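Q:
Number of protein chains: 2
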Amino acid sequence: MNIDRRSGCPINLSLEVFGDRWSLIILRDIIFGGRRHFRELLNGSMEGIASNILADRLKRLMELGMLTRADDPSHKQKAIYSLTEMAITLVPILAHLGAWGRVWLPVSEELSIRAELLEKGGPPMWDKFMNELRHEHLGASPAPSEPTVRATLQAGYDAVIARNARSIGCDPAP
Amino acid sequence: MNIDRRSGCPINLSLEVFGDRWSLIILRDIIFGGRRHFRELLNGSMEGIASNILADRLKRLMELGMLTRADDPSHKQKAIYSLTEMAITLVPILAHLGAWGRVWLPVSEELSIRAELLEKGGPPMWDKFMNELRHEHLGASPAPSEPTVRATLQAGYDAVIARNARSIGCDPAP
DNA sequence: GCAACTGATTGCAAATTGCAATCGGGTTGG
DNA sequence: CCAACCCGATTGCAATTTGCAATCAGTTGC
């Protein structure tokens, strides 16, 4: 569960934090998907994470200081997971990672539109997004101006879905 | 050995390429350490990779198109591993990763000086470095102008080592 | 009361990891 | 020529990690 400290190299230590198959996926779903609860992360995960792995990683990410956990006032058993500043500053890395994957890997169009928009938005968009996350998770920053980055990304995703649905005659609207 | 394709999400696919504890470490040693041979990677690895893991990851990285292998003309048994363009474009990601780790993780001073210099150099330095790597590994680009980025990073590292050695009375020079 | 839902936990088989020993071939020094 | 050494791996094995399915106890809505 704990970090190895194989060496003090920054890249090595970063890898020891999220150099596994699930930690960054979970953070991605929290950051871009806006998921805050265990079930949302479990069922919403495109990659089908197992519940024990999710529980383990959430605990680990909390120990590492990337997430915090709070009770949900609306439900005594629900927990709300929040990003810390440490996790929020991963946004540029995720943006780069998405951009790299889009170039070199067989990404699907629907799922890469967000990465494309984030790449085109560049650092100014990342900063705006990080401020929105700070507002949402840390309750600190001022309320973000509309439209939010997440809404913009989601709109792009929806547009692709709608376009593709129409082109194959599956438009849900008559 | 093969990639799962759990989903077509760029971040997920990127993670499936180097979301393990060793692949990026190997690439880091090739990129920043200038290592090209199996033994160099095996013995030079600060983190102590095992030979079977190294062999497995080199094979995997070749299958993924991140490395190529060529015979060393100077020694019939030696192999030279070269980065592909796909791997060279990881430089900005490694720079971000190093910068992030330097802020949030207990890095050691000697090992993080390179990350610091690379961070301060910013995208222009990354581009110069990538061109040097293209020259070195792909034999394509024009010869880099002196001093090379790798030499600059190494000089920074050596300076820290020398300074620390002096401060504790271990200066090798009399 | 009771079914559905909450965030997990447990048991278990399969895969992965890391370590040590070893391999066959090539090179080197004398 | 030959022994010693170096080369990029490979093998066997024990320990750990992973993923899946089933299950848990407490909470909520009805």
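Chains as they are written, first to last, in our numbering: chain A, 83 to 256; chain B, 83 to 256. Don't be surprised by glycine CBs; every beta carbon is placed ideally from N, CA and C. Note that the structure is predicted; figures quoted are calculated from it, not measured.
In three-state terms, what does DSSP make of Leu149 of chain A?
A: Within the first sequence, the letter at position 67 stands for residue 149 of chain A. Strand at Leu149 of chain A.
Q: Which two residues bound the contiguous alpha helix (DSSP H) that contains Ile162 of chain B?
A: The count along the second sequence starts at 1 and reaches residue 162 of chain B at position 80. Note, Ile162 of chain B: premise wrong, no alpha helix (DSSP H); beta strand (DSSP E) at 161 to 165.
Q: So, are the CB atoms of Arg232 of chain B and Gly116 of chain B less than 8 Å apart?
A: Within the second sequence, residue 232 of chain B is the residue found at index 150, counting from 1. Within the second sequence, residue 116 of chain B is the residue found at index 34, counting from 1. In this structure, Gly116 of chain B lies closer than 8 Å to Arg232 of chain B by Cβ.
Q: How far does the alpha helix (DSSP H) with Pro206 of chain B in it reach, from first residue to last?
A: Stepping through the second sequence from its first residue, residue 206 of chain B is reached at position 124. Per DSSP, Pro206 of chain B belongs to the alpha helix (DSSP H) from 191 to 215.
Q: With burial defined as no fewer than 16 other Cβ atoms inside 10 Å of the residue's Cβ, what is the status of Asp111 of chain B: buried or exposed?
A: In the second sequence, residue 111 of chain B corresponds to position 29, counting from 1. With 16 or more other Cβ atoms within 10 Å, it is buried.
Q: Helix, strand or coil for Lys158 of chain B? Go by DSSP, reduced to three states.
A: Counting from 1 along the second sequence, the entry for residue 158 of chain B is found at position 76. In the structure shown, Lys158 of chain B sits in coil (DSSP, three-state: anything other than H, G, I, E or B).
Q: Quick test of your reading: Glu201 of chain A and Ser89 of chain B, contact by CB under 8 Å. State the CB separation rounded to the nearest angstrom.
A: In the first sequence, residue 201 of chain A corresponds to position 119, counting from 1. In the second sequence, residue 89 of chain B corresponds to position 7, counting from 1. Contact doesn't hold; Cβ gap of about 19 Å is too wide.
Q: Answer yes if the segment 144 to 151 of chain A comes into contact with the segment 159 to 177 of chain A, meaning at least three C-beta pairs across the two stretches below 8 Å, and no otherwise.
A: yes
Q: How big is the Cα-Cα spacing for Leu136 of chain B and Phe120 of chain B?
A: Residue 136 of chain B sits at position 54 when you count from the first residue of the second sequence. Residue 120 of chain B sits at position 38 when you count from the first residue of the second sequence. Approximately 8 Å between the Cα atoms of the pair.
Q: Using a beta-carbon distance cut-off of less than 8 Å, what residues from the segment 118 to 136 of chain A approach chain B?
A: Met128, Glu129, Gly130
Q: Got a sec, what are the start and stop residues for the alpha helix (DSSP H) Leu187 of chain A sits in?
A: As a position in the first sequence, residue 187 of chain A is number 105, starting the count at 1. Segment: none, Leu187 of chain A is in no alpha helix (DSSP H) and carries neither H nor E.
Q: Using beta carbons (cut-off 8 Å, strictly below), is Val242 of chain A in contact with chain B?
A: The residue labelled residue 242 of chain A in the question sits at position 160 within the first sequence. Taking Cβ atoms only, chain B never reaches closer than 8 Å to Val242 of chain A, which makes this a no.
Q: Should the segment 210 to 218 of chain A be regarded as contacting the segment 171 to 184 of chain B, the criterion being three or more beta carbon pairs within less than 8 Å?
A: No: the two stretches stay apart, fewer than three of their Cβ pairs being nearer than 8 Å.
Q: Apart from the five residues just before and just after Pro93 of chain A, which ones in its own chain have a Cβ nearer than 8 Å to its Cβ?
A: Locating residue 93 of chain A in the first sequence gives position 11, counting from the first residue. The question names Pro, yet the displayed sequence has Ile at residue 93 of chain A. Closer than 8 Å at Cβ, skipping near neighbours: no residue.
Q: Within this structure, are the beta carbons of Thr234 of chain A and Leu179 of chain A separated by less than 8 Å?
A: Taking the first sequence and counting its residues from 1, one reaches residue 234 of chain A at position 152. Taking the first sequence and counting its residues from 1, one reaches residue 179 of chain A at position 97. Result no, Cβ atoms of Thr234 of chain A and Leu179 of chain A do not sit closer than 8 Å.
Q: Taking Phe114 of chain B and Arg196 of chain B to be in contact with their CB atoms under 8 Å, please state how far apart those CB atoms are, rounded to whole angstroms.
A: Within the second sequence, the letter at position 32 stands for residue 114 of chain B. Within the second sequence, the letter at position 114 stands for residue 196 of chain B. Going by Cβ atoms, the distance from Phe114 of chain B to Arg196 of chain B rounds to 6 Å, so yes, they are a contact pair.
Q: Let me know the secondary structure DSSP gives Thr234 of chain B once reduced to three states.
A: For the purposes of this step, residue 234 of chain B is identified with residue 152 of the second sequence, where counting begins at 1. In the three-state scheme derived from DSSP, where H, G and I count as helix and E and B as strand, Thr234 of chain B is classed as helix.
Q: Should Ile107 of chain A and Leu97 of chain B be called a contact, given that it needs their Cβ atoms to be closer than 8 Å?
A: Working through the first sequence from its first residue, we reach residue 107 of chain A at position 25. Working through the second sequence from its first residue, we reach residue 97 of chain B at position 15. Yes, Cβ-Cβ distance for Ile107 of chain A and Leu97 of chain B is below 8 Å.
Q: Going by CA-CA distance only, name the one from B:Ser105, B:Val242, B:Asp209, B:Gly204 that's closest to Met144 of chain B.
A: Looking up residue 144 of chain B in the second sequence gives position 62. Considering only alpha carbons, the answer is B:Ser105.
Q: Within 10 Å of its beta-carbon, does Arg248 of chain A have 16 or more other beta-carbons around it, so buried, or fewer, so exposed?
A: Your numbering for residue 248 of chain A matches position 166 in the first sequence. Looking at its Cβ environment, which holds fewer than 16 other Cβ atoms inside 10 Å, Arg248 of chain A is exposed.
Q: How would you call Ser194 of chain B, buried or exposed, if buried means at least 16 neighbouring beta carbons within 10 angstroms?
A: Indexing the second sequence from 1 puts residue 194 of chain B at position 112. Buried, by the Cβ-count rule.
Q: Closest to Ala169 of chain B by C-alpha separation, out of B:Leu109, B:Met207, B:Pro224, would be which residue?
A: The residue you call residue 169 of chain B lines up with position 87 of the second sequence. Nearest in C-alpha terms to Ala169 of chain B, of all of B:Leu109, B:Met207, B:Pro224, is B:Leu109.
Q: Measuring only the C-alpha atoms, how far is Ser227 of chain B from Glu122 of chain A?
A: By one-based count along the second sequence, residue 227 of chain B stands at place 145. By one-based count along the first sequence, residue 122 of chain A stands at place 40. When rounded, the distance between both Cα atoms is 52 Å.
Q: Would you report the Cα separation of Arg139 of chain B and Phe100 of chain B, rounded to the nearest angstrom?
A: Within the second sequence, numbered from 1, the residue matching residue 139 of chain B stands at position 57. Within the second sequence, numbered from 1, the residue matching residue 100 of chain B stands at position 18. So the two alpha carbons sit approximately 10 Å from each other.
Q: Does any residue of chain B bring its CB to less than 8 Å from the CB of Ser164 of chain A?
A: Taking the first residue of the first sequence as position 1, residue 164 of chain A is located at position 82. At a cut-off of 8 Å between C-beta atoms, Ser164 of chain A does not count as an interface residue with respect to chain B.
Q: Determine whether the Cβ of Gly171 of chain A lies closer than 8 Å to any Cβ atom of chain B.
A: The residue given as residue 171 of chain A occupies position 89 in the first sequence. Strictly speaking, residue 171 of chain A in this sequence is Thr, with Gly absent from that position. At least one chain B Cβ lies under 8 Å of Thr171 of chain A.
Q: With a Cβ-Cβ cutoff of 8 Å, do Glu192 of chain A and Ile131 of chain A count as a contact?
A: Taking the first sequence and counting its residues from 1, the one referred to as residue 192 of chain A is at position 110. Taking the first sequence and counting its residues from 1, the one referred to as residue 131 of chain A is at position 49. Contact: no.
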